[in-house]
Amino acid sequence: MSDDELRDAGAAGWLSKADDDLRVAEVILSGEIGVEWAACFHAQQAAEKALKGVLVHLGIDFPKSHSLDRLVALMPSEIAARFDLDALIEITPWAVAGRYPEDIENPTTGEAGRIIDFAVVVVQSANTILAGK
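The sequence shown maps to residues 439 to 571 in the working numbering.
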């Protein structure tokens with residue numbers, strides 16, 4: 439396999455995991471268990487993995503970070519512009535703070551739905567970039 443093929447396979451792996459996290463977030467939110475924070479956590483993970491997939495696709499090394507705006511800042515400006523920085527900033531806290539009761543207030547179902555919607559757009563944008571569009 440060429441370096442490009444290896445990079446594309448790695449990027450596809452990240453996007454596959456992002457899709458899995460999105461599905462988990464949507465299942466949690468659609469259920470009656472009332473764990474909206476967990477849906478937000480998985481939505482953040484989906485967005486993070488999608489962005490890391492783009493970075494792998496571009497051949498850009500990235501630090502271990504949950505900060506979505508930090509990951510986008512590593513991208514060339516024409517790629518970075520395809521992501522909504524405000525939405526990324528709103529999603530980011532759910533990586534860590536959202537898992538602990540004293541760090542962030544539990545979201546409502548509507549708020550969790552909005553976080554998931556933001557993540558869906560990030561994953562879609564990443565898939566479009568990987569497809570060369």
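We put the CB at the ideal spot given by N, CA and C, even for glycine. Keep in mind it's a predicted model, so treat the numbers as computed, not measured.
Endpoints, the alpha helix (DSSP H) within which residue i is located
i      : result
Ala456 : Asp441 to Ser468
Asn565 : Thr547 to Leu568
Phe479 : Glu474 to Leu496
Arg508 : Leu506 to Ala511
CB of residue i within 9 Å of CB of residue j, strictly
i      : j      : result
Asp556 : Asp522 : The sequence given here has Phe at residue 556, not Asp. Contact flag set, yes.
Gly491 : Trp452 : yes
Thr530 : Glu474 : no
Val561 : Ala485 : yes
Leu489 : Leu509 : yes
Ala447 : Ala564 : no
For residue j and residue i, believed in contact at Cβ under 8 Å, the rounded distance
i      : j      : result
Ala450 : Ala463 : About 20 Å separates the two Cβ atoms, so there is no contact after all.
Ile422 : Arg520 : Lying outside 439 to 571, the shown extent of the chain, residue 422 is not represented and no answer is given.
Gly551 : Leu467 : 6 Å
Three CB pairs or more closer than 8 Å across the stretch 499-514 and the stretch 525-532: yes
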